[in-house]
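Structure first, commentary second.
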Amino acid sequence: MEHVKALRSSVVTAIALSAMCACNVAFAGPKESCITTDDLQTLQRDFFTHFPDAKAFSKYVDRSQFELLTNASEGRKLEQGGRPTAEKIDWLIHTMNTYKDLFSGFQFDKPDFTYMRGQLRGGKPSVDNLRTSKRFPKDECVQEVNYDIPSGACVMSQRLTRLSITFVKDKRPLSLASVEMFFIACTAK
């Protein structure tokens, strides 16, 4: 009878361990496609420390899916003409370095973290579960982080109204997905 109890105990233990391993495997997949706090620290160090830095842009840009959104005429031509990503990045860096008055003296706001609530716990992807937070969410899979700056000062009759830099991590490694840069005409006071 002892050997039956020992066998039964071994079988129960094996089933419990299998279930735990299956849970760990289920959670391991999505976690790999989530932005971590370590990723954010690396971005701060490698991307934003010397912003704007052409090498940092080139390192992080997703060449196949990068999107440039702007109302600046030269940028619109690149955007609408289907130009290669390298040309778009070159234009961005050139614009930021040429018009330093428009791009100096600003600080990025706290980033926005976008995630699908409950994804790590098996929740179904749905617009209803999509969330954005200024705080890094605990036990959620952040797949997008946006860095924005507030509207700038009027310089040379131009005001930078939006500069938003978006990084994503999904099936791809952490990458620069888009830059939005919009200006309006203004009069200095």
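Per mature numbering (1 follows the signal peptide of the UniProt record, and there is no 0): the sequence shown = residues -28 to -1, 1 to 161.
Glycine included, every Cβ here is placed at the ideal spot set by N, Cα and C.
query: Look at the alpha carbon of T67 and the alpha carbon of R93, and state the distance between them as a whole number of angstroms.; result: 44 Å
query: Measuring alpha carbon to alpha carbon, tell me which residue in K110, I137 and P122 is nearest G77.; result: P122
query: Count the other CB atoms within 10 Å of the CB of M141; is the residue buried (16 or more) or exposed (fewer)?; result: Before going further, note that residue 141 is Lys rather than Met in the sequence given. Buried is the call here.
query: I want to know whether the stretch 145 to 158 touches the stretch 100 to 109 - three or more CB-CB distances under 8 Å.; result: no
query: Pull the bridge partners of R103 from the DSSP assignment, please.; result: Y87
query: Which residues bound the beta strand (DSSP E) around R134?; result: Q130 to V140
query: I'd like to check one pair, M88 with N101: are the Cβ atoms closer than 7 Å?; result: yes
query: With contact counted as at least three CB pairs below 8 Å, one residue from each stretch, are the stretch 152 to 159 and the stretch 124 to 140 in contact?; result: yes
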